[in-house]
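Engineer: Got a structure for you, questions after.
Residue numbers (this note's numbering): 18 to 239.
Dropping the structure here:
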């Protein structure tokens with residue numbers, strides 16, 4: 018079974034630039050290495066074999082990531098417009114190799130996700146034959162609350178920033194580590210692009226104008 022990883026390193030970095038920091042956030046160093054390189058090396062050092070690792074970066078940052086990830090055999094993909102994490106994943110779909118069946122999506126800013134978590138979530142994902150699986154944690158003030166019904170079934174996922182959802186004092190949220198079948202990604206994200214993207218305005222027909230991830234995948238797989 019062929020696996021791929023897509024690491025999202027988008028964003029303009031406006032707040033950091035305002036503070037005088039020109040290094041892109043996913044390239045800030047962790048233990049002497051750029052954070053995204055740390056994430057890639059952890060994936061490569063685990064028990065899973067990835068047929069490809071795609072790195073989605075903003076326009077104009079390509080050479081920085083090529084230098085930071087030299088020797089790791091990653092493919093750099095440009096997200097030409099900052100239209101959200103869901104749009105970034107959508108842009109990566111055309112680059113996935115034909116044999117790839119399952120795709121791990123995470124962020125270049127997530128060096129603390131352990132390889133045991135990545136592998137354990139994939140094991141559950143495969144054993145249960147799921148379309149989309151995400152690791153979660155229960156914490157104070159969750160940024161992207163996962164919603165369950167009285168029986169514990171997932172019925173939704175929202176975001177407090179892009180979607181202006183109310184942030185609960187305590188609840189369940191994802192940790193930024195997701196497995197999805199390529200078929201589910203194609204079905205959900207291509208469908209959302211076709212129905213929501215407004216070509217003339219170069220934005221999505223959402224409150225923020227962006228397409229989020231993983232909330233759109235959660236809702237699309239319910």
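Here a beta-carbon is modelled for each residue, glycine too, at the ideal position from N, C-alpha and C.
1. Quick one: any contact between the segment 44-59 and the segment 74-88, if contact means 3 or more CB pairs under 8 Å?
2. Output yes or no for whether 8 Å exceeds the beta carbon distance between residue 60 and residue 105.
3. If you run the structure through DSSP and keep just helix, strand and coil, what is residue 87?
4. Quick one: what's got a C-beta closer than 6 Å to residue 139's C-beta in the same chain, skipping five residues either side?
5. Tell me the start and end of each unbroken beta strand (DSSP E) in the segment 76-139 that is at least 3 residues and wholly inside, in chain order.
6. Just to confirm before moving on: does the CB-CB distance between residue 194 and residue 135 stay below 8 Å?
7. Is it the case that the Cβ atoms of residue 114 and residue 19 are separated by a distance below 8 Å?
8. So what does DSSP say about residue 71, is it helix, strand or coil?
9. Under three-state DSSP, which class holds residue 205?
10. Go ahead and pull the three-state DSSP assignment for residue 166.
11. Are the Cβ atoms of residue 227 and residue 179 separated by less than 8 Å?
12. Could you say if the segment 179-191 and the segment 163-170 meet the contact criterion of at least three C-beta pairs nearer than 8 Å?
13. Return the chain-ordered list of same chain residues with a C-beta closer than 8 Å to the C-beta of residue 153, the five sequence neighbours on each side being excluded.
Structural biologist: Taking the structure as given:
1. yes
2. no
3. coil
4. 196
5. 92-96, 117-124
6. yes
7. yes
8. strand
9. helix
10. coil
11. yes
12. yes
13. 163, 189, 190, 191, 192
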